[in-house]
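Data first, discussion second: the structure below is written as structure tokens.
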């Protein structure tokens with residue numbers, strides 16, 4: 001399977017992280033942690049819903065790929081954490097909005113940031129099961145579920161939309177291999193008690209800060225080092241044969257993973273962290289898209305993704321640039 005186009009929709013309104021300590025009433029210790037995260041600003045989607053953001057990105061991705069949405073074989077929505085309505089179908093709403101009326105449509109979620117990796121696995125399986133299918137759309141909208149943007153103690157949350165057009169054999173990114181694992185013992189590590197209060201009173205809470213800071217960190221290091229070693233070995237690669245990318249959480253997280261893995265992450269990770277903060281499941285494809293100018297045909301990229309639910313994924317891509325038209329300015 002190949003990724004033909006990736007489009008990221010970034011709202012025009014920016015929020016300076018330097019002001020969050022005051023607006024979110026952080027204490028001195030939290031404010032000091034915020035300052036060290038390496039995030040300068042994030043985007044604010046205002047009243048736009050997650051489906052609105054996903055739709056904006058989907059329109060651009062289809063236009064850039066030269067794909068008529070009416071001809072899409074599948075639409076996969078990476079579901080957010082707080083749907084606009086209960087009982088309704090946001091995947092169906094997106095399908096209707098983009099005009100993909102004949103497309104198989106499904107939502108993939110509940111794994112946090114790793115849900116985008118799961119969506120690629122689902123798309124790959126659908127292409128294998130339906131040899132005649134020619135295109136699929138994976139799309140997501142990302143916005144804060146609770147009013148606060150600072151997710152203590154790990155990151156600052158930004159807003160945006162993202163979409164990727166996938167095909168069986170056409171596009172500059174070939175998905176060579178992917179692995180995904182979950183440990184449900186951390187399922188409630190981060191949560192919002194939404195039944196007890198209305199949305200303005202929602203607050204993200206970490207139910208076990210030592211568990212996040214120490215036990216999960218140790219397990220994540222073991223999981224991702226083991227997964228990457230196995231994936232590289234079965235594809236005949238070593239750590240020095242690939243470029244490395246992962247999600248955008250904090251400057252400290254980037255330094256931690258570079259030490260733990262003994263590698264250097266491409267600079268787009270830190271650059272996108274500064275400009276956009278953490279965009280949840282959209283981080284890894286944003287970084288992959290922005291890495292293209294740094295690569296040559298045939299280069300391979302290992303993309304790592306994780307979520308505190310907890311889930312982990314690693315994906316090996318090969319860069320095989322094509323000659324499709326230039327993308328629409330974003």
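In my numbering, the protein residues as written are 1 to 330. Even glycine gets a Cβ: it sits at the ideal position worked out from N, Cα and C.
Mind the definition here: the segment 307–316 touches the segment 161–180 only if three or more C-beta pairs lie below 8 Å; say whether that holds. yes
Where residue 161 sits in the DSSP three-state scheme: Locating residue 161 in the chain shown gives position 161, where the first residue counts as 1. Of the three classes helix, strand and coil, the one that applies to residue 161 here is strand, per DSSP.
Alpha carbon to alpha carbon, how far is residue 309 from residue 26? Give it in angstroms, no decimals. Within the chain shown, numbered from 1, the residue matching residue 26 stands at position 26. Within the chain shown, numbered from 1, the residue matching residue 309 stands at position 309. Approximately 25 Å, taken between the alpha carbons.
Per-residue DSSP class, three states only, for residue 305: In the chain shown, residue 305 corresponds to position 305, counting from 1. Residue 305: strand per DSSP, three-state reduction.
Along the chain, where does the alpha helix (DSSP H) containing residue 208 start, and where does it finish? Counting from 1 along the chain shown, the entry for residue 208 is found at position 208. That residue, residue 208, is in no alpha helix (DSSP H); it is neither H nor E in DSSP.
Inter-residue spacing [alpha-carbon to alpha-carbon] between residue 156 and residue 91: The sequence position of residue 156 within the chain shown is 156, counting from 1. The sequence position of residue 91 within the chain shown is 91, counting from 1. The straight-line gap from Cα to Cα measures roughly 27 Å.
Report buried or exposed for residue 325, applying the criterion of at least 16 other Cβ atoms within 10 angstroms of its Cβ. Numbered from 1 along the chain shown, position 325 holds the residue referred to as residue 325. Low confidence applies here, because residue 325 scores a pLDDT of 41, under 50, leaving its location unreliable; read the following figure in that light. The residue in question, residue 325, is exposed, as its Cβ has fewer than 16 Cβ neighbours within 10 Å.
Helix, strand or coil at residue 236 [DSSP, three-state]: Locating residue 236 in the chain shown gives position 236, where the first residue counts as 1. DSSP places residue 236 in coil when its eight states are reduced to three.
Quick one: give me the first and last residue of the beta strand (DSSP E) that residue 9 is part of. For the purposes of this step, residue 9 is taken as residue 9 along the chain shown, with counting starting at 1. First-last of the beta strand (DSSP E) with residue 9: 2–9.
Alpha-carbon spacing of residue 219 relative to residue 38, whole angstroms: Here residue 219 refers to the residue found at position 219 when the chain shown is read from its first residue. Here residue 38 refers to the residue found at position 38 when the chain shown is read from its first residue. About 24 Å.
4 or more residues per run - each alpha helix (DSSP H) lying fully within the segment 85–149: 90–98 and 115–129
For the segment 141–159 and the segment 14–31, state whether three or more C-beta atom pairs, one from each stretch, are separated by less than 8 Å. yes
Around the C-beta of residue 196, are 16 or more other C-beta atoms found within 10 angstroms, so that it is buried, or is it exposed? Here residue 196 is taken as the residue at index 196 of the chain shown, counted from 1. So residue 196 counts as exposed.
Exposure label - residue 85; buried when at least 16 CB within 10 Å: For the purposes of this step, residue 85 is taken as residue 85 along the chain shown, with counting starting at 1. Classification of residue 85: exposed, given that the 10 Å Cβ count is below 16.
Grouping DSSP H, G and I as helix and E and B as strand, with all else coil, what is residue 26? Here residue 26 refers to the residue found at position 26 of the chain shown. Residue 26: coil per DSSP, three-state reduction.
Once you ignore the five residues that flank residue 65 on each side, which residues in its own chain have a CB closer than 6 Å to its CB? Here residue 65 refers to the residue found at position 65 of the chain shown. Once the five neighbours on either side are set aside, the close Cβ partners of residue 65 are 4, 5 and 165.
Given this structure, state the Cα-to-Cα distance separating residue 222 from residue 250, to the nearest angstrom. Position 222 of the chain shown holds residue 222. Position 250 of the chain shown holds residue 250. The alpha-carbon atoms of residue 222 and residue 250 are separated by roughly 20 Å.
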